[in-house]
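Following the UniProt record's numbering, the numbering of the sequence shown begins with 1 at its first residue and continues without gaps. Even for Gly, the Cβ is constructed at its ideal location relative to N, Cα and C. Please read these numbers as outputs of a predicted model, since none were measured by experiment. Single-structure report; data block below.
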Amino acid sequence: MKRRGYGFRWRQVALALLAVLLGVTGGMPFAPGGWIGRASADANNYYISTAAGSGTLGYGGDGGPATSAKLAAPYGVAVDGGGNIYIADRNNSVLRVVDPSGRISSVSVPGMYWPQGIAFDDSGNLYIANSGGLNILKRTPSGTVTVVAGTGAARSSGDGGPATSAELNYPSQVAVDADGNLYISESVSSVIRRVDAATGIIDTVAGTGTYGYSGPGGPATSVQLWNPYGMAFDSDGNLYIADMGNNVIRKLDVATEVISTVAGTAAGGYSGDGGPATSARLSAPLDVAFDDNGNMYISEADHVRKVDASGTIRTVAGTTRGYSGDGGEATAAQLSGPGFMTFDGNGNLFVSDPFNSVVRKLVPFYKVTFQSNGGTPVSPQNLDPGDAATEPGDPARTGHTFGGWFADEALTVPFDFATPINGDTTLYAGWTPIPYTVTFDKNGGDTEANPTSMTVNYGSAAGALPTAPTRDGYTFAGWAAAPDGSGPVFLASTVVTGDLTVYARWIANPLAQPANLKAVPGDRQAKLTWDGVAGATSYRIYMRTESGAYGDTPPIEVAGTSHTVTGLTNGTTYFFVVTARSAARDGLPSAEASATPSGTVVLPTLTEVRLASDNPAAGWAKPGDKATLAFASNTALGSLPTVTIAGRPAAVTATGGNGYSASYTFDGSETEGAVPFAIDFEDGAGTPGAQVTATTDGSGVNFDKTAPTGTMTINGGAAATSSAAVSLQLTSSDGAGSGGVRMRFSNDGLTWSDWEAASAARKWTLSSGNGAKTVSMELIDRAGNASPTAIAATIALRRASSPTETPDRTIQVQIADGKGGSVVETAVVQRTIDVDGLYKDKVTFTDYPWTQALDKLKALGSDFAKVVFPDDNGLTKEWSLVFPKTVTDLLSGSGTNMEIVTNDARVYLPAASLRGLTEDLSFRIAPVQQEDERKATERRALTDPLTLEATKGGSVEALGRPIVIESNLSGAEAQLILPLEETRKLDKSREKPAAFVEHGDGTKELADGKIEDFDQGGRPGVRVAVDRFSTFTILKIGQAPEHKAYVLGNPDGTFGPERPITRAEMAALLTRAVVREESYAPRSYTDVAEGYWARDAIVQAAKTGLMSGYGDGSFKPDAPITRAEMASAISRLLTDEPSAAVFPDAAGIWAETSIRKTSAAGIVKGYEDGTFRPNGNLTRAEAVAMLDRLLGRGSLAGAPRKWTDVPATYWAYGYIQEASFDHRYEIKEEGGETYVSTP
């Protein structure tokens, strides 16, 4: 089909409808072939088959299958709108038509002789290049045939006149543009002519009329063509010409009338596939066609080639001349001089194969290629457009697990095999390397490698080896495949292909030389001493009477570090060296020593040794005291003696003559009991004296660091007394200490009695005035150890203060405005004085005071009444109250809330809780008085499972004394406020108050409390919500301090401690771990897009000044952070002054001050070789360790292991554990934290 079809779809639709409605007239449908519903032909692969012709030259077969018919040099081919294929059967001078069912018929056209090219216009008219008749025929859909150009004379003439009067010189092909203009190729005259649709005038639009090649382009009528044949229009209306004799494809820009070359080089041949079409060689191209996607097709020699929109050329059909390949891929088929081409509505390409007397059909398909990426090959699949590929069986690859097929080479887009295939597709295999474990066996070492194993993916190298193990007496020499050191050596670059155990290789070191060899002469002997050598099992002594050579002397072998060589000759000088030995190796020789035996050797001795302390108690010492040894020798010593006292080195000074002094101050870590000492010394000749461990005068010092303990009660533990004269019951003990315990007493903790010998009882006078009285006792032993806190006991003093007091009397209770505080009414209280001198107060209310009180409260605008008992100085042990039902009805009816106020409790009752009572309301309030009962009540509260669960590993303490509150009110809302002792403060960050409640039915509960003032004097108290009344003990619940996690690991349970940490990860860690005020303007970075996982953290880090970006506006979030950058970020949070020292490789760099500052704070550390490596990438483990130190968070011990790739032996294990999960902890004395498990 040769036409311009784009931009006229409305016309196409109309013609299609006409074709359906009217059917075929005169054997020809209206609609032009290939214009309606054409499927995409944008394929690079085609199946080939024969559409018409049996391959036998001749004429016949009408009415039967087209593939059984005989054709003779078929050239032109066109498809109408009904899908009928028209074939110009040139040598038979007929038109052959193949209908959609595949049956062939003949259409006779009057005057047609040797037809070549054919084409439909928009109206369904068929134009025929009637080469033998030297004219152009037009056949209408009704079958009428007219001559539209040419006179039958074989010349090229008539331009500017009617086409029917013009002469054509063997027209080869025709094409009709969208405006109906008819284009004719005259191959013999080498020109292209055009018949104007409106006027019928013919003109030459390309070519000079003289065949040849005048260059790649220029004005169309000035460019030489050579045997132009096929023509086709592109979507813009430009005409493309198969310039067969010049081996190129020409493009005629109809608007500018300029010709250019779009394929071929004018040099004949077949080459250039995969490259630009303008660089390819073509061989006598006969036709050109376009598909709906703008791809250009060229028939030439024995091939069909395709030029895509990018200008790249490739072969889509044909190999060598012949006739074969039907049913297979077109690129493997044989063609013989393919001729004219056309597309049908389904995107199939029809190509006349005139020398084989057939028409071939190319059906597009798409090829799915499977790139196995190192796996076993997978066969490609050929698919019709829109079909889905079949998922093949998984390929295999050594050391890898197949991870599926991906649509992109980067393996980021998994491929869905339900996806319709609409183009050649390459799928890529994804692989996950199998991780293998390399285990590092210490092979007899004293320490393990760190880490002891590494996970390495198949085909990869470890990259870095672990920290080497150590072995006393050996040098580590790398890792080997076998324990004996044989086999391949394992290096950081060794490729791992499976689980592997490698073994440490060890080279034995020679034993060190014994140090400090001394030879002390004696009578015909010499005593040798030397320092021991690690790893030695024996020592060899070499002796000569000449210095230097010892090889010929049989050695003496001994086990210890001293030996006396006997049998020597006095007056002869002997020379000695010593070597260490073990079962596996010998050692280096010591320095030489010499001695000359004689019969007059005198050993040094100590003539006087005394030991004393500065404690006033002779012979005793306590922490802080100093013990001093004074001693003298019988001769001048060669150096200061070496002295230990209590097993610790003592400071030694010379005191003149041959006297010395050594002293030591006790710090409390020493063992109690007799203090040992040892003195080692030698004279000026190096002769050692015997070690001294005893004094010459029997003196000594005993160390005592334990303070005495004791107890005290007043009047046998009575709660109260009516007399200030009391009896104290006492106990004291100093265990195995220095004894001699003394005691002293005080009423106020400020003024004390004199120290006195400990006793079991003592008379004491309490301070004046009624109330609670506390007596304090301190103990001290002979060494001066005093009890760290005073021992105290309390009793209530109540004695008559005036002659008018009687054992039983009445007092008044106030009814006050709970909001303003003014007293509005009073009532009578019956007070009874018990045998122990304490009060019992009871009030039974009547209606009268309450009716008066409620009227006055109403006048004050108050709805809150307080029943206030007078201050009793702690002498009331019970308050009883009875409210008649008429009173509670008055209170609830008026909406008046009520509170009962005593020295030991406040009970608040809202009006709603008093509503609907059926009996009188009663209360009994009684603090627990007896000491043993109080302790038992507190003990139950402190040890109950409810309490222990609430502490979560923390502490618990009783505050104030327990109290019993009884009432017949139950199930109603109430508030209880209980007082605390003044000294009992709470740390609100981790401590909270609570009430332990023991009910009469045996049930218990732990109610949360709230701190508030108990009275107007600011006395602290605790408010608790209750709904029934029982025994209450106020507790201070102290939970262990808590640290929050600030690091996240990987979904597979790993942490990646050695992986470099990125700047984005660092920003996330800092903003999670560090709370800092925002003091910088927010900013955005060019490489941190919306939706980036760490964008919020990066913005926050910038606003708080923790991190900043670069001068070019970027942040480089995925770049690793260096050690210098980390020091810079942390230094902004420190106030420490920079240290004077600096690492040598950090001197003068931009971050020098930050590194010095963080080093001074103990947050960053260098390497064993003294360097800092500022430009080295910071690992995730190093980052966490630095942040933990910055935050004051110690290395965490005792917690369950968090990450599979961080073993307990890893250097930063405790730091990583600390940062990895929320936990409670206790501080260890030696530093760090201990994990506290919570219920």
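Please list the terminal residues of the continuous beta strand (DSSP E) segment that includes residue i.
| i | result |
| --- | --- |
| Ala468 | Looking at the DSSP string, Ala468 is not in any beta strand (DSSP E), and its letter there is neither H nor E. |
| Gln525 | Gln525 to Thr529 |
| Pro433 | Thr425 to Pro433 |
| Arg155 | Unbroken run through Arg155: none, as it is neither H nor E. |
| Met1186 | Careful: Met1186 lies outside any beta strand (DSSP E), inside the alpha helix (DSSP H) at Arg1180 to Leu1191. |
Based on Cα-Cα distance, which residue from the options lies nearest to residue i?
| i | options | result |
| --- | --- | --- |
| Leu797 | Thr439, Leu568 and Ala724 | Ala724 |
| Tyr848 | Val824, Asp834 and Gln830 | Val824 |
| Leu860 | Gly820, Asn873 and Gln830 | Gly820 |
| Ala816 | Ala853, Asp834 and Ile833 | Ala853 |
| His563 | Tyr550, Gly532, Ser547 and Ser582 | Gly532 |
| Asp523 | Gly599, Leu969 and Ala66 | Gly599 |
| Thr794 | Trp764, Ser187, Ser787 and Val148 | Trp764 |
| Asn1177 | Thr1122, Gly1214 and Ser1220 | Thr1122 |
| Tyr229 | Ser271, Asp177, Gly1148 and Gln173 | Gln173 |
| Ala266 | Leu225, Arg540, His303 and Asp273 | Leu225 |
| Ala536 | Gly587, Leu517 and Ala519 | Gly587 |
| Pro688 | Ser142, Leu528 and Ala175 | Leu528 |
| Val188 | Gly657, Leu134 and Gly375 | Leu134 |
| His1223 | Ala995, Gly1194 and Thr810 | Gly1194 |
| Glu899 | Ala280, Gly132 and Gly818 | Gly818 |
| Val675 | Tyr660, Gly1002 and Ala694 | Ala694 |
| Val1142 | Thr1153, Leu1134 and Thr1135 | Thr1153 |
| Ala255 | Asn238, Thr1003, Gly269 and Arg1076 | Asn238 |
| Ala332 | Leu362, Thr342 and Asp308 | Leu362 |
| Thr1135 | Arg1156, Ile1149, Phe1115 and Gly1148 | Arg1156 |
Among the residues of its own chain, which have a CB less than 7 angstroms from the CB of residue i, if the five just before and after it don't count?
| i | result |
| --- | --- |
| Gly55 | Tyr323, Asn356, Ser357 and Val358 |
| Glu448 | Lys442, Pro469 and Thr1209 |
| Arg1173 | Arg1123, Asp1145 and Tyr1167 |
| Val368 | Pro380, Gln381, Leu383, Ala389, Ile421, Thr425 and Leu427 |
| Thr1234 | Ala1197, Gly1198, Tyr1225, Glu1226 and Lys1228 |
Near residue i, what residues of its chain come up, given a Cβ to Cβ distance below 8 angstroms and the 5 sequence neighbours on each side ignored?
| i | result |
| --- | --- |
| Gly218 | Val258 and Ile259 |
| His161 | What sits at residue 161 in the sequence shown is Gly, not His. Closer than 8 angstroms at Cβ, skipping near neighbours: Ile201 and Ile202. |
| Ala760 | Gln729, Leu730 and Thr731 |
| Trp1093 | Ala1064 |
| Asp834 | Lys840 and Lys877 |
On the DSSP letters alone, give me the boundaries of the alpha helix (DSSP H) that residue i sits inside.
| i | result |
| --- | --- |
| Met1126 | Arg1123 to Ser1131 |
| Val1099 | Arg1095 to Lys1103 |
| Gln852 | Asp847 to Leu860 |
| residue 1243 | Residue 1243 is absent from the structure shown; the chain starts at 1 and stops at 1239. |
| Ser1063 | It is Arg, not Ser, that sits at residue 1063 in the sequence shown. From DSSP, the alpha helix (DSSP H) with Arg1063 extends over Arg1063 to Ala1073. |
| Thr653 | Here Thr653 belongs to no alpha helix (DSSP H); instead the beta strand (DSSP E) covers Ala651 to Gly656. |
Please report the Cβ distance between residue i and residue j, rounded to the nearest whole angstrom; I am assuming they are in contact, meaning their Cβ atoms lie under 8 angstroms.
| i | j | result |
| --- | --- | --- |
| Asn181 | Ala163 | Actually they are not in contact, since the Cβ atoms of Asn181 and Ala163 sit about 11 angstroms apart, beyond 8 angstroms. |
| Tyr1046 | Ala1089 | With a Cβ gap of about 25 angstroms, Tyr1046 and Ala1089 do not count as contacting. |
| Pro604 | Asp683 | 4 angstroms |
| Pro962 | Phe1029 | No, Pro962 and Phe1029 are not in contact; Cβ-Cβ is about 13 angstroms, not under 8 angstroms. |
| Phe845 | Ala827 | 6 angstroms |
| Leu465 | Ala492 | 5 angstroms |
Which same chain residues end up closer than 6 angstroms to residue i when comparing Cβ atoms and leaving out the 5 residues on each side of it in sequence?
| i | result |
| --- | --- |
| Thr1071 | Ala1097, Gln1100 and Ala1101 |
| Thr1158 | Ala1127, Ile1130, Ser1131 and Val1164 |
| Thr146 | Lys138 |
Is it the case that the Cβ atoms of residue i and residue j are separated by a distance below 8 angstroms?
| i | j | result |
| --- | --- | --- |
| Thr221 | Thr210 | no |
| Thr888 | Leu914 | yes |
| Gly76 | Gly117 | yes |
| Val79 | Leu95 | no |
Is it the case that the CB of residue i approaches a heavy atom of the ligand GDP more closely than 7 angstroms?
| i | result |
| --- | --- |
| Val901 | Only the bare structure without any ligand can be found here, which leaves the ligand GDP out of the picture. |
If you measure from the beta carbon of residue i to each beta carbon in chain D, is any gap under 8 angstroms?
| i | result |
| --- | --- |
| Ala720 | In the displayed structure, chain D is absent; only one protein chain is listed. |
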